[in-house]
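Take any residue in the sequence shown, count from 1 to its spot, add 1155: that is its number in my numbering.
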Amino acid sequence: MILTLLIVGETGAGKSSLINKLANQDLARVSSGATLCTESWSEYRFQVNSIEVHAYDSVGFGSACTGSSSSLIPYEAALDMLRSFKIRVDLVFLCTKRDKLSPITQHLYHFFNDFFFNGTVPISLIVTHRGEKRSMDDWWSQHQDQIKSYGFAGHAFITISHKSAAVRRKQSKESVVMLLSTSYKRRTLDKPAVPLFDRLTNGTDVLTKKCGLSPRNALFLTRKANLHIRIPNIVLFGAAGVGKSSVINLIAEEKIAGTSGGADACTLDSTEYRLNVEESCLRIFDTVGLNSPDIGGGDYVDAIQKAITLIKMLKRVGGVDLLLFCIDGGRVLTHHQTNYNLFWEGLGHKKIPVAILVTRLEHEKEMEKWWTKNAEFLAKLKIKCEAHACITTISEDVEGYGAKRDESRQRVLELLKEKVKDCGEPFIMDSDEWLSGFLKKMRSFVKKERPSKRIVQQELRKGLSKGRAEDIAKAVCDRA
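Right, here's the structure in full:
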């Protein structure tokens, strides 16, 4: 597997020298002083122990506070570079040669952590030019309180000078390699694999308040970020324990989602995953649906906060492109119809395409036969879909099912490619209207002890203003 590393920092911080130290050869051109040496992002490939590293050396950054057009060049270059990525980013090395965390370094941390990756790609601090200091590590003791507030994933204090003592050069190499190895072992896909450009278009405040850009430059950069390929948003829903999390792991080819069997899952619990699949990026919301044809009054009240959270997440990412309905390969039951109606009508207002995944078919000689046998009954329940896949998500640790597992993954990927290939306009609504419609539909499945408007309003007030809670409770509980 490949580890993708971004190396960023102010001009003269020693980024190119760091690459040469890691590669153990002179790959990157090094300047003699604090002049701009790297004029564009450059890619270098090398091996570190058993890790194949693809390192990207950035243009040197200067102060963005000047507001000049030249100060924006490194930021534009970063945007262009990351927009072109078709691969996941695993780690960022933020380099500085200063005796303290300078404003430029602070701005760069926020630029990559807040603006690009939303806190989901680890950033390690590399302090260079420490070879002549009495102790290379005393930088940490002097600044640890400030550093801890930034949430760096790791740090290393190194020398990049060939004139430094051999023991310090060796210590420097080992400390940086340790950061690489730690990141490599912790690779997961439940975080963004590429920058979230569908979120960047609203990032002007981050750029001005945290990254030091002028309002004019911030506006220019966010407008430029509009020219992106949007990441499709998929809501994967179904009863607890039907294998939704296993579907995530199947797609990712890695266990990134916990598979609890549904014992602890609550209605509308939702977890967001961002996956790199071949050359595509997907965002999937693993969401617990209903486990029976109706819902108890207490369970309904408990689900209100989760509904608020789900709608906020979907609103934040720009809407929904596809509903992926997960059912197990047993009998078709009435709660399947309830779940379908809750999400297709309540969440999607009959406007979001639905695809169905049928799981736990590993014991079937031909998995597709399940659909042949049950398609007619699904139609009688008015469960419609634009595509389906009959699959197994059985663990790869279970022997004898490797071929069916591989076949299942290909079926799911083909379905997703077909249904989100164009990624047109997603379905999205006004937040309050969206939430009230969803809660109103779910309330229709409460057969006994239906919560009163007062109780619904009280629960809504925990996450919303008084006025909004009153309006939504009225829309949910009053008859049309």
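Don't be surprised by glycine CBs; every beta carbon is placed ideally from N, CA and C.
Annotation for CYS1545: the continuous beta strand (DSSP E) segment containing it runs 1542-1545.
With contacts defined by Cβ atoms closer than 9 Å, CYS1540 and THR1514 do not form a contacting pair. Between the beta-carbon of ASP1476 and that of VAL1575 there is about 5 Å, and that keeps the pair under the 8 Å contact cut.
Going by C-alpha positions, ILE1406 is about 41 Å away from TRP1295. Relative to the Cα of SER1330, the nearest Cα in the group HIS1310, ASN1388, SER1319 belongs to HIS1310. Cβ atoms of SER1425 and LEU1465 come within 8 Å of each other, at about 5 Å. Take GLN1492, set aside five residues on each side of it, and the residues of its chain with a beta-carbon closer than 8 Å to its own are PRO1448, LEU1536, LYS1537, ILE1538, in chain order. For THR1493, the enclosing alpha helix (DSSP H) starts and ends at 1489-1496.
In this structure, the alpha-carbon of ASN1179 lies about 25 Å from that of MET1236.
Membership of LEU1177 in the alpha helix (DSSP H) is indicated by the continuous run 1170-1178. Taking every protein chain shown into account, the CB of LYS1603 has fewer than 16 other CB atoms within 10 angstroms, so this residue is exposed. Membership of VAL1203 in the beta strand (DSSP E) is indicated by the continuous run 1197-1203. Counting along the chain, TYR1211 sits inside no alpha helix (DSSP H); it lies in the beta strand (DSSP E) bounded by residues 1206-1212.
Between GLY1444 and the set LYS1520, GLN1297, LEU1502, THR1314, the nearest pair of CA atoms involves LEU1502. Residue state for ASN1529 is assigned as helix, using DSSP reduced to three classes. Per the DSSP secondary-structure output, THR1159 pairs in a beta bridge with HIS1209. One alpha carbon belongs to LYS1170, the other to ILE1162, and they sit about 6 Å apart. For HIS1310, the enclosing beta strand (DSSP E) has its first and last residue at 1309-1312.
Separation of the CB atoms of ILE1439 and LEU1391 is rounded to 5 Å, and the pair is thereby assigned contact status at 8 Å. Just so you know, the alpha carbons of PHE1593 and GLN1612 end up roughly 15 Å apart. In the DSSP assignment, the residues bridged to ILE1281 are CYS1250, ALA1311. Between VAL1282 and LYS1328, the CB-CB gap reaches or exceeds 9 Å. Only residues of its own chain outside the window of five on either side were considered, and among them VAL1402, LEU1405, ILE1406, LEU1512, ALA1544, ILE1546 have a CB closer than 8 Å to the CB of VAL1567, listed in chain order. If one requires a minimum length of 3 residues, the beta strand (DSSP E) runs lying completely within the stretch 1457-1523 are 1477-1483, 1509-1514, in chain order. Here VAL1509 is buried: its Cβ has 16 or more other Cβ atoms, across all protein chains shown, within 10 Å.
Within the DSSP secondary-structure output, ASN1446 pairs in no beta bridge. If you look at ILE1538, you'll find it isn't in any beta strand (DSSP E); DSSP assigns it neither H nor E. Using a Cβ-Cβ distance cut-off of 8 Å, the stretch 1556-1570 and the stretch 1583-1601 are not in contact, since fewer than three pairs of beta carbons, one from each stretch, lie closer than that value. Cβ atoms of VAL1332 and ASN1204 come within 8 Å of each other, at about 7 Å.
Across the set ALA1458, ARG1371, ALA1412, the C-alpha of ALA1458 shows the shortest separation from the C-alpha of LEU1615. LEU1234 and VAL1208 have their C-alpha atoms spaced approximately 21 Å apart.
Distances from the alpha-carbon of VAL1397 to those of LEU1437, VAL1487, ARG1429, ASP1360 put VAL1487 closest. Assignment of ASN1273 by DSSP, reduced to helix, strand and coil, places it in the coil class. In the displayed model, PHE1582 falls within a strand according to three-state DSSP. Taking a 10 Å sphere around the C-beta of PHE1532, we find fewer than 16 other C-beta atoms and assign the residue as exposed.
With contacts defined by Cβ atoms closer than 9 Å, LEU1280 and TYR1305 form a contacting pair.
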